[in-house]
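Quick notes on the structure that follows.
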Amino acid sequence: MRKPLHERIPLLPGKHPTREHGMCAMELVAWLAGEEHTDQPECTCPVLGSVVRTFNDVVPDTDTRNRYVRPLVPRLIHTVADEATQRRRAFLALDTAVRFFAAMSLAAAGKIDAAESINALPEVTDEATAADAAAALERHGRTVHAAWWTAARAAEGHRVELWIGGVVHAARATRTWQGMRRLVESMIDLGVEIRR
1243 MRKPLHERIP LLPGKHPTRE HGMCAMELVA WLAGEEHTDQ PECTCPVLGS
1293 VVRTFNDVVP DTDTRNRYVR PLVPRLIHTV ADEATQRRRA FLALDTAVRF
1343 FAAMSLAAAG KIDAAESINA LPEVTDEATA ADAAAALERH GRTVHAAWWT
1393 AARAAEGHRV ELWIGGVVHA ARATRTWQGM RRLVESMIDL GVEIRR
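Under the working numbering, think of the first position of the sequence shown as 1243, with each following residue one higher.
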């Protein structure tokens, strides 16, 4: 009997020179889509690709990667979207990093009032609301550093691929891998309504 795909091809961190050396989540997407070996397949939205590459690499072990990252792989095929959808996906991720992941970090540190305050911030939808979020997070220091850094870079108007990975690092602070997986699923779903 042939081994299941997850046993034959475990997801590994990092970029690999060939498929024989192993595959990360995005290299597996390229393989399933029939593309050349790459971790930046043409069939995937670049915002989603950036998030999933970081998610794949930040998750601490193969079992966790198989549990939370691997189920996303088939859904990432054919997710290319227009610039407006890419922007919505990016700011949905940032909003989650701020109002969910950072709030969880504060609560885990026993700073319940601060967590509630961050959770109650207005939705982060653009550079202006990212600046407001960064200002609110800044006073909480290292506990929310990843979310603060990500919001500050977005507020400054940096290209999405330069800051979007910070969302995963905000999730890593409390090991909210299930929350990260749900976020990626929600980001994918934003494109579904456009294609209907």
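All C-beta atoms in this analysis are idealised placements derived from N, C-alpha and C, irrespective of residue type, glycine included.
Exercise. DSSP beta-bridge partners for Leu1253?
Worked result: Met1265
Problem set entry | Backbone secondary structure at Pro1316 - three-state DSSP | helix
Problem set entry | C-beta contact flag for Glu1403 and Leu1314 at 9 Å | no
For this session: Round the Cβ separation of Thr1304 and Gly1433 to the nearest angstrom and send it over; I've been treating them as touching at under 8 Å.
Result: Going by Cβ atoms, the distance from Thr1304 to Gly1433 rounds to 29 Å, so no, they are not a contact pair.
Problem set entry | Inter-residue spacing [alpha-carbon to alpha-carbon] between Phe1342 and Asn1361 | 6 Å
Exercise. DSSP on Gln1282, reduced to helix/strand/coil?
Worked result: coil
For this session: For the alpha helix (DSSP H) holding Pro1288, just list the boundary residues, first then last.
Result: 1288-1300
Problem set entry | CB of Ala1412 within 9 Å of CB of Ala1397, strictly | no
Exercise. Distance, Cα to Cα, Ile1436 vs Asp1324?
Worked result: Caution is warranted here: a pLDDT of 48 is assigned to Ile1436, below 50, making its placement in the model unreliable, and the coordinate value is therefore given only provisionally. Approximately 9 Å between the Cα atoms of the pair.
Problem set entry | Outcome for Ile1354 when other beta-carbon atoms lying within 10 angstroms are tallied against a minimum of 16 | exposed
Exercise. Straight-line CA distance for His1387 to Arg1381?
Worked result: 10 Å
Problem set entry | Distance between Ala1377 and Val1401 (C-alpha atoms, nearest Å) | For clarity, residue 1401 is Arg in the given sequence; the question names Val instead. Going by the C-alpha atoms only, they are around 20 Å apart.
Exercise. For the alpha helix (DSSP H) that Phe1343 lies in, which residues bound it at each end?
Worked result: Phe1343 -> no alpha helix (DSSP H), and no H or E assigned at all.
Problem set entry | Straight-line Cα distance separating Leu1254 from Pro1264 | Note that residue 1264 corresponds to Gly in the displayed sequence, not to Pro. The alpha-carbon atoms of Gly1264 and Leu1254 are separated by roughly 6 Å.
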